Structures are given as C-alpha cells and as structure tokens.
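Undergrad: In the working numbering, the protein residues as written are 927 to 1540. Cβ coordinates follow ideal geometry from the N, Cα and C atoms, glycine included. Here the structure is a predicted model, which means the values were calculated and not measured. I am attaching a structure below and will ask some questions about it afterwards.
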C-alpha cells in the first residue's frame, strides 16, 4: 500500500476531458437529469446504463460525461471496451484512455489501481457486457479509490454490490408527446423519436421538406421501430433514396433495410442485425432456443404462456430479461421489441428443426384458453375475462389465423363461439368480420362430416352477425345464404338446427320479411330453450324483441321479450350486455312517453357502465 501510494504521488494530476459528441442528444432529458442526480449522490459509486443494443447507451454516457466532467477535480475519461476480446485487456484499455505512462515491471492493473486511488474522477466503461469476468477488477478499483465514480454501459447488469441501474429503452413516439414542444404542419406535436428521425434526415438531405404527409409516415416509422434510436438513425439514412412512406413500407416487410454505410456510425452499429447478433452470442444455448421460440408470440405473453408454449423456465425468462431481449411490464406481462421478434423468428427458422411444433403449441394454448372461457365471457367473471383476452388479443388472432391456414378445425370449432363472443363484447366488429371471413373462405366441408359442416355454419353465422352490425347488408346476406345452403339438410340435428334457425331469422330481418323473421326467431328461441344455451337465447330474444318493437309488430310482446332477455343476462352475470340492453329499453320507454321509467333505466345503465370501466 505504501509503495502504491508513493507511485500514485508521482503521477502528475491532470484533468481528463471527454471527446465531444458529433451528433446532438435528442430526447434524453429525463435520463440526463436522473444520471446527474445519481452522480451527485455520494452513495452512488457505480452506475450502469443497461438496455438493448441500439438504445443509445454509449451516446447517453458520453453526453453525461461531457456535462459532468467539470464537477470532478480530475475530470472524466471514457474507456471504449467494444473491441476487447477478453477481460484481461480492461486495465490496459483504461490506462490508454487515461494516457497513463506504464512501468513494464509492474502489472498494468496495479498501476491503474494506484493511479485511481488518488483521483476524484468519473470513469466511463463503455460496452461492458461481454467482459463480465472483469467485474472483480472494477470492484477492486472502487474499494481502493474512495473518490472514484464508475459509469458503465452494458446490455446486462454487472452484478457488483452497490450497483445502481438506469434502464434505457426506446424514445417516446406516441402522438400525444409533448416533450419537444414543437409542432409540424398541422396540430400534432413532434415526439422525441420523430425529432431524431427529422434531424438525422435533414442532416443528410437539407432540402427535405418534412411536410404533413411525410411526418405522418415518420410517426409510423417510429412506432414500427418502438422508438429505438439506432434503428431510427438507420431508417432515416435512406431519406436520400426513399420517401418516408417507402421506408415505412420496407420496414413492414422486414428489417433488411436497417443498415447503413454512414462513416459517422461505428461499424458494429451499421446494421441492426449485427447489433442483435452481438447480444445473441451472450446467451447460452438453452436461452437461444427459448428466445427463438418466443417469436411466436404477438403483443406480449405471460410466464404461464411461455412455459406452456416454449417450455421456458423462470430462470431462462429471468436471463432473457436481464439481457433485455425481453421486458416485463408493470402488469407482469413479458414483451418483445418488434425488431427483436423478427430477429428471433429468423433464428427460429435457422435453429429449430420443427418450427411448426411451437406454432401448434401456440395455437392450441390460446384457442383452448379462449374456449375454456366461453361461458365466463357471459358470466359473473365477464369483466375479468374480457381484460384477460384483451391483453392477448394479438395472440388470439395469430393463433386463430394459423389454425385456419393449417386446417386445425378441431381448435376452431372449440373456440369459435368464444372468439365470436369476445369480438362482440369488446366491440371489435371489424376484426371479427375479418377473421370469420378469412376462415370461412378456407373451409370446404368433407361430404358427410357433420362437425365440418357445423363449423362452417357457425363461421358463416358469426360472419353474418358482424356484417349485419357493420351495416354490410350484401355481405351478410351472402354469408347467410351460404350457411343456409349447407345447414338445412334434415339429417343435421341439434346444434346445426339452431344455426339454421338463427341464420334464417337474420336473413329474414335483412330482407324485411317480417313473417319469416318472426317464425325463425321463434324457432331459434325454442331450440335454444331446449338446449339450455341461455346466452344465445337472450341474444335471440333481444333480436326478436327489438325487431318486433321497431317494426311495430306488437309492442307489448316485443317489450316482454326484451325484458326476458334482460333478466337472463342479469342472471348469467353478463353485465355488459345487460347494461346495453337496459339503455335500449329505457330509450324505448321514453319514446312511449314513460319518461320516468326511461330516465331511471338510463341512470342504472350509466351506473353499470361506470362500474364496468372500474
């Protein structure tokens, strides 16, 4: 220690200065403020900016070092570690950054430690993720040098005692962003992500006008890239050759466009795939396999879903979260950046011998998951189940489309009513129309296969249902006619007869054929009463009652049908349907001049709606 102190005293104290940034820092005001506060706190000795490749960790660290070096007696130094192959080169890299004259007879790490012991400075260790074997050296320097502060950037945490993390993600890119305080042509505010694209593009092409049409596509680009700074820089580099609309279209087709020859970018940052490959090599073989399979998810997933579909363990999910390949949000769901999902899909095709197996597992999990909630969707757990399915709406759609494209009619038949109910109750009529049309168009029942015929009839019934709600009268009629053509044979009993009756009733209502509509609504109601399918019965009574009242076919009978429907919904616990129907009954009461009852029902409906929202 005495010898070390003596050596340290011989080093001439010289404030270190950091290299200045070539490009401005856009949109990191909050993070700069947080880092400044951390560096001012004497308890914070080691701070690590952690985040995925391309998040702008190095840029942010350089920006904060530029701002903070004057607050340290001996300045700040930035040590570039990306080019090192092993941790034993860290000390030499630090010595080089410090311009430290070395004695060939003394170990370099000892000389660096002795130098730092007497210094009050900020040491930035940039790109540490592949050198985790070197963390004991950093820990030793922090113990020896009480006035030293270390700011590291890494794709994973260093796991040193006392380490303070600053997670770094994408730039804000929502259209209601107010950070910039600037507006394009029009009323929309520019988000930080959009500002980065615009400033980069105008540096390359100063005459680019950035009009309102272009800005709308810039916003689309930033959303597609989830605000990832490097990806935005690479996308903007195409502005000399492509319009923003063309760049967005290329991005929707894949991430191949995200590469650049710009010499201002480090070579490792000239392709987003190169950035991801570097992170990929940090994973174990098991973690690589799980991550590649996670590409099957859309819109996030739960721990239970990951285990069921990919076999992922908690330890593997934890490791992938630690390397920022996946993130866990406040609701406890795991998410993948869309670019990383595309990268994972590419890796799955390379490394998985049976890519169809994970797709099958995904479709089975989500469609059976939905099917198991068919009755809960209209029961006392309705609000909870709707929130659950809303969170996985993208997975449900993806699973359904895969099952339809690959002939998994068993999965489709089990989950058709759950899907139809979910899209109805959540108001997703357009999406419901699309997926049922997509599936029905691919169906060709085998002769004599009752289940195939039942599935197609059910698909066409739901498609007609959504078309009718959307006012697509011709399309609804076509689906109903097609359904009638296949489901009217006398040998098809039970559920198929119910489909037949409902289809005929809906066709009668569409065509204004009052007699047929009433006849088939009555038949459908009778069949549904016999089958015990109370939710479909309630909806049929609702249709029948509304039709009777609106067409003046018997007000008293129509109101009685509506009241019975409401009572069934309330008994089942379907508060959403009950609330909507209650408002309709109240409106009809007011039209009849019964304003007191109409007002009371409207108030009840509003109260129920408020409870559902909460």
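Determine whether the beta carbon atoms of residue 1059 and residue 952 lie at a separation below 8 Å.
TA: Their beta carbons are not under 8 Å apart, which means residue 1059 does not touch residue 952 by this criterion.
Undergrad: Should residue 1218 and residue 1270 be called a contact, given that it needs their Cβ atoms to be closer than 8 Å?
TA: For residue 1218 and residue 1270, yes; Cβs fall inside 8 Å.
Undergrad: Pick helix, strand or coil for residue 1106, following the three-state DSSP scheme.
TA: In this prediction, residue 1106 scores a pLDDT of 38, lower than 50, which makes its location untrustworthy; the coordinate-derived value is nonetheless stated afterwards. DSSP places residue 1106 in coil when its eight states are reduced to three.
Undergrad: Does DSSP put residue 1044 in a helix, in a strand, or in coil?
TA: Three-state DSSP puts residue 1044 in coil, outside helix and strand.
Undergrad: Taking the beta strand (DSSP E) that residue 1080 falls in, what are its first and last residues?
TA: 1075-1080 is the extent of the beta strand (DSSP E) around residue 1080.
Undergrad: According to the Cβ coordinates, are residue 1206 and residue 1215 closer than 8 Å?
TA: For residue 1206 and residue 1215, no; Cβs fall outside 8 Å.
Undergrad: Which residues in the same chain have their Cβ closer than 6 Å to the Cβ of residue 1201, if we skip the five residues on either side of it in sequence?
TA: Cβ neighbours of residue 1201 beyond the five flanking positions: 979 and 980.
Undergrad: Using a Cβ distance threshold of 8 Å, determine whether the stretch 1149-1159 contacts the stretch 1084-1100, with at least three qualifying pairs required.
TA: Output reads yes: the stretch 1084-1100 touches the stretch 1149-1159.
Undergrad: With 16 other CB atoms within 10 Å as the buried threshold, where does residue 1399 fall?
TA: That one is exposed.
Undergrad: Might you give, ordered along the chain, the residues of its own chain that have their beta carbon closer than 8 Å to the beta carbon of residue 965, omitting 5 neighbours on each side?
TA: Once the five neighbours on either side are set aside, the close Cβ partners of residue 965 are 973, 990, 994, 997, 1048, 1075 and 1077.
Undergrad: Excluding sequence positions up to five away, which residues of its chain have a Cβ less than 7 Å from the Cβ of residue 1170?
TA: Cβ neighbours of residue 1170 beyond the five flanking positions: 1140, 1143, 1144 and 1147.
Undergrad: Using the DSSP secondary-structure output, state which residues sit across from residue 1052 in a beta bridge.
TA: DSSP output for residue 1052 lists 1006 as bridge partner(s).
Undergrad: Taking only the alpha-carbon atoms, compute the straight-line gap between residue 1125 and residue 1160 and give it to the nearest angstrom.
TA: Those two C-alpha atoms are separated by around 13 Å.
Undergrad: Select from 1408, 1396 and 1403 the residue whose C-alpha is nearest the C-alpha of residue 1366.
TA: The option with the nearest alpha carbon to residue 1366 is 1408.
Undergrad: Using the rule of at least 16 other Cβ atoms within 10 Å of the residue's Cβ for burial, across every protein chain shown, is residue 1249 buried or exposed?
TA: That one is buried.
Undergrad: On the premise that residue 975 lies in contact with residue 1092, defined as a C-beta separation below 8 Å, what is that separation, rounded to the nearest angstrom?
TA: So it is a contact: roughly 5 Å between Cβ atoms.
Undergrad: Give me whichever residues DSSP pairs with residue 1090 in a beta bridge.
TA: Answer by DSSP bridge pairing, in chain order: 973.
Undergrad: Since residue 1260 sits in a beta bridge, which residues does DSSP pair it with?
TA: Note: residue 1260 sits in a beta bridge opposite 1227 and 1254.
Undergrad: With a threshold of 8 Å, are at least 3 pairs of Cβ atoms found where one atom belongs to the stretch 1494-1512 and the other to the stretch 1302-1320?
TA: Contact between the stretch 1494-1512 and the stretch 1302-1320 is present, because at least three Cβ pairs lie under 8 Å.
Undergrad: Start and end of the alpha helix (DSSP H) containing residue 1183?
TA: Residue 1183 -> no alpha helix (DSSP H), and no H or E assigned at all.
Undergrad: Drop a sphere of 10 angstroms on the beta-carbon of residue 1236, count the other beta-carbons inside from all chains shown, and report buried for 16 or more, exposed for fewer.
TA: It is buried - the Cβ of residue 1236 has at least 16 other Cβ atoms within 10 Å.
Undergrad: Would you check if the stretch 1435-1454 and the stretch 1464-1473 touch, i.e. whether three or more CB-CB distances between them fall below 8 Å?
TA: Taking 8 Å as the limit for Cβ pairs, the verdict is that the stretch 1435-1454 does touch the stretch 1464-1473.
Undergrad: If you follow the alpha helix (DSSP H) that residue 991 is part of, which residue opens it and which one closes it?
TA: Element bounds for residue 991: 983-994.
Undergrad: Quick one: measure Cβ to Cβ for residue 1081 and residue 1089, integer angstroms, because I've assumed they're closer than 8 Å.
TA: The pair is not a contact, with the Cβ atoms about 15 Å apart (cut-off 8 Å).
Undergrad: Going by other Cβ atoms of all chains shown within 10 Å of its Cβ, with 16 needed for buried, is residue 1513 buried or exposed?
TA: Exposed is the call here.
Undergrad: Extract the residue ranges of the alpha helix (DSSP H) inside the stretch 1366-1433, only unbroken runs of 4 or more that lie entirely within it.
TA: With a minimum length of 4 residues, the continuous alpha helix (DSSP H) runs that stay inside the stretch 1366-1433 are 1376-1396 and 1399-1413.
Undergrad: Measuring straight from C-alpha to C-alpha, what distance separates residue 1195 and residue 1156?
TA: Roughly 7 Å between the two C-alpha positions.
Undergrad: Look at the alpha carbon of residue 1481 and the alpha carbon of residue 1397, and state the distance between them as a whole number of angstroms.
TA: Each residue's Cα considered, the two are about 25 Å apart.
Undergrad: Near residue 960, which residues of its chain fall below 7 Å by C-beta distance, leaving aside the five closest residues on each side in sequence?
TA: Answer for residue 960: 1092, listed in chain order.
Undergrad: Mark residue 1187 as exposed unless 16 or more other C-beta atoms lie within 10 angstroms of its C-beta, in which case mark it buried.
TA: So residue 1187 counts as exposed.
Undergrad: Using CA atoms only, rank isn't needed, just tell me which of 1238, 1228, 1240 and 1239 is closest to residue 1256.
TA: The option with the nearest alpha carbon to residue 1256 is 1228.
Undergrad: Tell me whether residue 1391 is buried or exposed, calling it buried when 16 or more other Cβ atoms sit within 10 Å of its Cβ.
TA: Under this definition residue 1391 is a buried residue.
Undergrad: Using the DSSP secondary-structure output, state which residues sit across from residue 1197 in a beta bridge.
TA: 1185.
Undergrad: Apart from the five residues just before and just after residue 1253, which ones in its own chain have a Cβ nearer than 6 Å to its Cβ?
TA: Same-chain partners within the cutoff: 1261.
Undergrad: Quick one: grab the DSSP three-state call for residue 1155.
TA: DSSP places residue 1155 in helix when its eight states are reduced to three.
Undergrad: So, helix, strand or coil for residue 1136, using DSSP?
TA: Residue 1136 falls in the coil class under three-state DSSP.
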